[in-house]
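Numbering-wise (my numbering), the sequence shown opens with residue 110 and increments by one.
We treat Cβ as the ideally placed atom computed from N, Cα and C, and that holds for glycine.
The next block holds one structure in the form of C-alpha cells; read it before the comments.
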Amino acid sequence: MAQHNPAWGVLATQRLLDLLDGIGEHASVRAPLLAEERRLLVAAMGALVGGWW
110 MAQHNPAWGV
120 LATQRLLDLL
130 DGIGEHASVR
140 APLLAEERRL
150 LVAAMGALVG
160 GWW
C-alpha cells in the first residue's frame, strides 16, 4: 500500500481539476497562483477604496 502524502493529494486534486477544465499537461503551474494573488490584490484594493478600514 502506498504511503499517503497530504501535499501530494492537494496537488493531485488541483491537477485533476485542471484536466477537467481542459487545461493541458504543459500549462504553467504558476498561472493559477498568479491569478489567486491578483484576485487577492483586487479585493484588498477594493476594500481600501471602499473604506472598510
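A direct Cα-to-Cα measurement between residue 145 and residue 139 gives close to 10 Å. The alpha-carbon of residue 125 is positioned some 36 Å away from that of residue 157. Scanning the segment 129–162 from its first residue to its last, the whole alpha helix (DSSP H) runs of 4-plus residues come out as 139–159. Contact between residue 127 and residue 121 is ruled out by a C-beta separation of about 11 Å, above the 8 Å threshold.
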